[in-house]
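To keep things clear, I will list the structure first and then write my remarks on it.
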Amino acid sequence: MTTPLISVRSLHKWYSGVHALKGVNLDVPPGEVCGLVGDNGAGKSTLIKILAGVHRPDRGEIRIDGRLVEITSPKSAMKLGIETIYQDNSMVPTMSIARNLFIGREPLRFAIAGLGLIDHRRMREEAMGAISDVDLHVRSPDALLSELSGGQRQGVAIARAMHFKSRVMILDEPTNHLSVKETNKVLAFVRRLPAQGITGILISHNLQHVFQSCDRIVAMARGEIVLDKPVGETNVEEVSDAL
Numbered sequence: 324m325t326t327p328l329i330s331v332r333s334l335h336k337w338y339s340g341v342h343a344l345k346g347v348n349l350d351v352p353p354g355e356v357c358g359l360v361g362d363n364g365a366g367k368s369t370l371i372k373i374l375a376g377v378h379r380p381d382r383g384e385i386r387i388d389g390r391l392v393e394i395t396s397p398k399s400a401m402k403l404g405i406e407t408i409y410q411d412n413s414m415v416p417t418m419s420i421a422r423n424l425f426i427g428r429e430p431l432r433f434a435i436a437g438l439g440l441i442d443h444r445r446m447r448e449e450a451m452g453a454i455s456d457v458d459l460h461v462r463s464p465d466a467l468l469s470e471l472s473g474g475q476r477q478g479v480a481i482a483r484a485m486h487f488k489s490r491v492m493i494l495d496e497p498t499n500h501l502s503v504k505e506t507n508k509v510l511a512f513v514r515r516l517p518a519q520g521i522t523g524i525l526i527s528h529n530l531q532h533v534f535q536s537c538d539r540i541v542a543m544a545r546g547e548i549v550l551d552k553p554v555g556e557t558n559v560e561e562v563s564d565a566l
């Protein structure tokens, strides 16, 4: 059997006496898009924040490619190839597309003791290539992010994760507040992740979106996984009843 890309075992998390995760076990194989669903307070946000390095588990273990790891910060998650795109996509509207795509990882023309001049030409060229790879068409990499629609902004965030060769992309409610057309565009991005060599975890309240774009659905309730099935072996009614 294929070693899971991500494997969590007996994961527990408490917040001020609230038992948010109760011994969660989950395997995510490489090349799969996993849909994570559940009502507010189900534990799904806690689980992804642990994988993203925002929170630390109180008990349990995480393995990447079978190797035991500690994810102590978002930076350590990124070093392991885990990129998280939140619904507000954590980008700066007043900065250009290129600057947002490379924020914190700007290419330098030269560096001394970690300091140097940003290579703006390379950044623009690579930014245009990256957004073109996700079939996103913009007039210039120097355009401000604030000039883009919500769906285009999510496209830039996805392009960033793909450009930096993320192995796992976690998308937290990426279609919130988007039009139907933009939602379909983002779901198409998600469906194409395995073809790009990226494993996906999609968090969504919309079961139809999960069934459209994911290979497997994992439902959480009250800090536990209550259903874990390939999408072809379940339906909206079964998932809804499990929540």
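Using the numbering used here, read the sequence shown as starting at 324 and increasing by one per residue.
Backbone N, C-alpha and C define an ideal beta-carbon position, used for all residues, glycine too.
Between the beta-carbon of R490 and the beta-carbon of G404, is there less than 8 Å?
-> Between R490 and G404, the CB-CB gap stays under 8 Å.
Figure out for me which residue from G376, G346, P380 and H532 has the closest Cα to the Cα of L359.
-> Closest in C-alpha terms to L359, from the list G376, G346, P380 and H532, comes H532.
How should E395 be labelled, buried or exposed, when 16 other C-beta atoms within 10 angstroms of its C-beta is the threshold for buried?
-> Here the sequence assigns Thr to residue 395, which means Glu is not the residue at that position. T395 comes out exposed.
R332 by DSSP, collapsed to three states: which one?
-> R332: strand per DSSP, three-state reduction.
Identify whether M418 lies in helix, strand or coil by the three-state DSSP scheme.
-> Note: M418 maps to coil in three-state DSSP.
Which two residues bound the contiguous alpha helix (DSSP H) that contains K504?
-> K504 -> alpha helix (DSSP H) spans V503 to R514.
Please state whether DSSP places V461 in a helix, a strand or coil.
-> In this structure, DSSP gives V461 a state outside helix and strand, which the three-state scheme calls coil.
Just mark E561 as buried or exposed, buried being the case when its beta carbon has 16 or more other beta carbons within 10 Å.
-> E561 comes out exposed.
In whole angstroms, what separates the C-alpha of K508 from that of Q477?
-> Inter-residue distance for K508 and Q477 is about 10 Å (C-alpha atoms, whole angstroms).
Express the C-alpha separation of I521 and D442 in angstroms, rounding to a whole number.
-> Here the alpha carbons of I521 and D442 stand approximately 28 Å from one another.
Among T325, N363, K336 and S330, which residue has its Cα nearest to the Cα of I526?
-> When the alpha-carbon of I526 is set against those of T325, N363, K336 and S330, the nearest one is in N363.
Would you mind stating whether G523 and L494 have Cβ atoms separated by less than 8 Å?
-> In this structure, G523 lies near L494, with their beta-carbon atoms less than 8 Å apart.
For A365, name the three-state secondary structure that DSSP assigns.
-> Assignment of A365 by DSSP, reduced to helix, strand and coil, places it in the coil class.
Taking Cβ to Cβ, would you say I408 is nearer than 8 Å to M492?
-> Result yes, Cβ atoms of I408 and M492 sit closer than 8 Å.
Could you check if S368 is buried or exposed, using at least 16 other CB atoms within 10 Å of its CB as the buried criterion?
-> Around the beta carbon of S368, 16 or more other beta carbons lie within 10 angstroms, which makes this residue buried.
Pairwise C-alpha distance: L530 and I462 | The sequence given here has Arg at residue 462, not Ile. Rounded to the nearest whole angstrom, the C-alpha separation of R462 and L530 is 34 Å.
Give the DSSP bridge partners of I405, in chain order.
-> Answer is V491, bridged to I405.
Does DSSP put D456 in a helix, in a strand, or in coil?
-> It is helical.
Beta-carbon gap between L328 and I548 smaller than 8 Å | No, Cβ-Cβ distance for L328 and I548 is not below 8 Å.
Sorry if obvious, but does the Cβ on T395 come closer than 7 Å to a heavy atom of the ligand FMN?
-> This structure does not include the ligand FMN; it has no bound ligands of any sort.
Sub-8 Å separation of H486 and A453 beta-carbons = In this structure, H486 sits near A453, with a CB-CB distance shorter than 8 Å.
Alpha carbon of L431 to alpha carbon of E448, nearest angstrom = Whole-angstrom Cα-Cα distance: 14 Å.
Locate the alpha helix (DSSP H) running through E560, then write down its first and last residues.
-> V559 to A565 is the span of the alpha helix (DSSP H), which, as asked, contains E560.
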